[in-house]
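Student: Okay, handing you the structure first.
Number of protein chains: 2
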Amino acid sequence: MCHLCARVSSPPAAGREPLYLDDLHAGQRFTTVSHTVDEEEIREFALRFDPQPFHLDAEAARVSLFAGLVASGWHTAALTMRLQVESGPPLAGGIVGAGGRIDWPRPTRPGDTIRVESEVVKVRPSRTRPDRGIVTVLSTTLNQRDEVVQSLSADLVVPRRSPPGRPAGAP
Amino acid sequence: MCHLCARVSSPPAAGREPLYLDDLHAGQRFTTVSHTVDEEEIREFALRFDPQPFHLDAEAARVSLFAGLVASGWHTAALTMRLQVESGPPLAGGIVGAGGRIDWPRPTRPGDTIRVESEVVKVRPSRTRPDRGIVTVLSTTLNQRDEVVQSLSADLVVPRRSPPGRPAGAP
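Shown next, in the form of structure tokens:
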């Protein structure tokens, strides 16, 4: 069993009260636990999904734009997702993204300890589907020096606690 | 060795002429080879990076928003990157993204065969760094029914063939 597979994650939002659209408002903030990224996992991800020299070979990376080995931006994105699922906002129905704006102002490097801080920016009930809405969440992934390695403004689909005009428990 | 690790990718842009900023212009198009996504790799990626029931368990997925098992959006993004690195635009210096806008109009499902079609949208020499520029590339990931599973407008850092005023070979 490889390093990548051995790290089985905890169940999502385990033991936390789920949040529905009705429970969310702009300004709400969440912070995840942290994760230290090692060179082995950077290389394993890159080998599978982004096999470029600056993610795979320390010597080639040294003379690249990055001046050293760096994680794929998609690896930073995937690790951000894991941190969010495990210890970010415990959204009812899970974290379901329709899309977003992603930026990597600097790369994740071996030994970096990253965490995700997120803030609800906007909550919109759906105009066509009374059972759900779209919540825009700005998630910032920071390293141990509080430098931003990723910024993601994502539109998430979140269910309502109950359809409007039909409170929970109504027949 | 796990399924995930066993699939070692080819070297990037192997045997293809590298493209510098000077070689790129709006309207240029590229198409990758295709990849068929199986349920096992969807579950392996999800276990590691997005452990939510609709990516892991067919029965739980059936009663979810997705009405069946689907790949994590980040898995679609990572597979898109691999296809681009292996058979997309052979950019000099590699495919180095600063950020972009990503959308998943529909999910990737087990058995889907995906490919990436991309188009150069804009080429801008850097105002501060004469050795490089930013190229905006719109990459559309399509399934076997030509349905869009991901759209990514990415800003890529691409080196110039030679600094302006100093043609290649000049002393």
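Heads up: the sequence lines are chains E and F, in that order. Take 1 as the starting number for the first sequence in the working numbering and just add one per residue. Take 1001 as the starting number for the second sequence in the working numbering and just add one per residue. Ideal placement from N, C-alpha and C gives every residue a C-beta, glycine not left out. These numbers come from a predicted model, not from an experiment.
Cβ of E:Val96 within 8 Å of Cβ of E:Val157?
Tutor: Contact flag set, yes.
Student: For F:Ile1102, list the residues DSSP reports as bridge partners.
Tutor: In DSSP, F:Ile1102 forms a bridge with E:Gly100 and F:Leu1152.
Student: Using a Cβ-Cβ cutoff of less than 6 Å, which residues in the same chain neighbour E:Pro11 once the five nearest sequence positions on both sides are dropped?
Tutor: With a pLDDT of 47 at E:Pro11, under the threshold of 50, the predicted position of this residue should be treated as unreliable, though the coordinate-derived value follows. Nothing listed; no residue qualifies.
Student: Buried or exposed, going by whether 16 or more other CB atoms sit within 10 Å of the CB of F:Pro1089?
Tutor: By the neighbour-count rule (16 or more Cβ atoms within 10 Å), F:Pro1089 is buried.
Student: Pull up the distance between the alpha-carbon of E:Leu83 and that of E:Glu117, whole angstroms please.
Tutor: Computed Cα separation, rounded: 10 Å.
Student: Counting contacts by CB-CB distance shorter than 8 Å, is E:Asp79 in contact with chain F?
Tutor: Contrary to the premise, residue 79 of chain E reads as Leu rather than Asp in this sequence. So yes, E:Leu79 belongs to the interface.
Student: F:Pro1171 CB to nearest chain E CB: under 8 Å?
Tutor: Residue confidence for F:Pro1171 is low, a pLDDT of 42 falling below 50, so the modelled location carries little weight; the figure read from the coordinates is stated next. No, no contact with chain E.
Student: What is the C-beta distance between F:Ile1114 and F:Leu1065, in whole angstroms, given that I count them as a contact (C-beta under 8 Å)?
Tutor: With a Cβ gap of about 21 Å, F:Ile1114 and F:Leu1065 do not count as contacting.
Student: Looking at the C-beta of E:Ser72, does it have a partner C-beta in chain F at a distance below 8 Å?
Tutor: Chain F contact via Cβ: present.
Student: With the cut-off set at 8 Å, would you say F:Ala1060 and F:Gly1068 are in Cβ contact?
Tutor: Contact: no.
Student: Which residues in the same chain as F:Ala1077 place their Cβ atom closer than 8 Å to its Cβ, once the five residues preceding and following it in sequence are excluded?
Tutor: Taken in chain order, the residues that qualify are Ile1102, Gln1150 and Leu1152.
Student: Hey, out of E:Glu39, E:Ala92 and E:Gly100, whose CA is closest to E:Val70's CA?
Tutor: Checking every option, the nearest Cα to that of E:Val70 belongs to E:Glu39.
Student: Reducing DSSP to helix, strand and coil, say where F:Thr1128 ends up.
Tutor: Reduced to three states, the DSSP call for F:Thr1128 is coil.
Student: I'd like the span of the alpha helix (DSSP H) that includes F:His1035, first residue to last.
Tutor: That residue, F:His1035, is in no alpha helix (DSSP H); its beta strand (DSSP E) goes Arg1029 to Thr1036.
Student: I'd like to know whether the C-beta of E:Arg129 is nearer than 8 Å to at least one C-beta of chain F.
Tutor: It does not: the Cβ of E:Arg129 has no partner Cβ on chain F nearer than 8 Å.
Student: Which chain E residues are close to F:Arg1115, counting only those with a beta carbon under 8 Å from its beta carbon?
Tutor: Correct list: empty, because the minimum Cβ distance to chain E is about 16 Å.
Student: Please report the straight-line C-alpha distance between E:Ser72 and F:Phe1045, rounded to a whole angstrom.
Tutor: So the two alpha carbons sit approximately 15 Å from each other.
Student: Is E:Leu142 close to chain F? Criterion is C-beta to C-beta, closer than 8 Å.
Tutor: It does not: the Cβ of E:Leu142 has no partner Cβ on chain F nearer than 8 Å.
Student: May I have the straight-line CA-CA distance separating F:Trp1074 from F:Pro1053, to the nearest angstrom?
Tutor: Straight-line Cα distance between these residues: approximately 15 Å.
Student: Return helix, strand or coil for E:Pro110, following the three-state DSSP convention.
Tutor: Reduced to three states, the DSSP call for E:Pro110 is coil.
Student: Please say whether E:Asp22 and E:Arg160 have beta carbons closer to each other than 8 Å?
Tutor: Contact flag set, yes.
Student: Please report the distance separating the alpha-carbon of F:Val1063 from that of F:Arg1132.
Tutor: The straight-line gap from Cα to Cα measures roughly 49 Å.
Student: Is F:Asp1155 closer than 8 Å to F:Ala1092 when the C-beta atoms are compared?
Tutor: Cβ distance not < 8 Å, so F:Ala1092 and F:Asp1155 don't count as in contact.
Student: Between the alpha carbons of F:Tyr1020 and E:Ala26, how many angstroms are there, rounded?
Tutor: Their Cα atoms are separated by approximately 44 Å.
Student: Would you mind sorting E:Val137 into buried or exposed? The rule is 16 or more other CB atoms within 10 Å of its CB.
Tutor: Buried, by the Cβ-count rule.
Student: Mind checking if F:Asp1050 is an interface residue toward chain E, Cβ cutoff 8 Å exclusive?
Tutor: Closer than 8 Å to some Cβ of chain E, the Cβ of F:Asp1050 qualifies, so yes.
Student: Which of the three DSSP states, helix, strand or coil, is assigned to F:Ser1087?
Tutor: Note: F:Ser1087 maps to helix in three-state DSSP.
Student: From the DSSP output, read off the bridge partner residues of F:Arg1115.
Tutor: Its beta-bridge partners are F:Ser1034 and F:Leu1142.
Student: Determine whether the Cβ of E:Val96 lies closer than 8 Å to any Cβ atom of chain F.
Tutor: Closer than 8 Å to some Cβ of chain F, the Cβ of E:Val96 qualifies, so yes.
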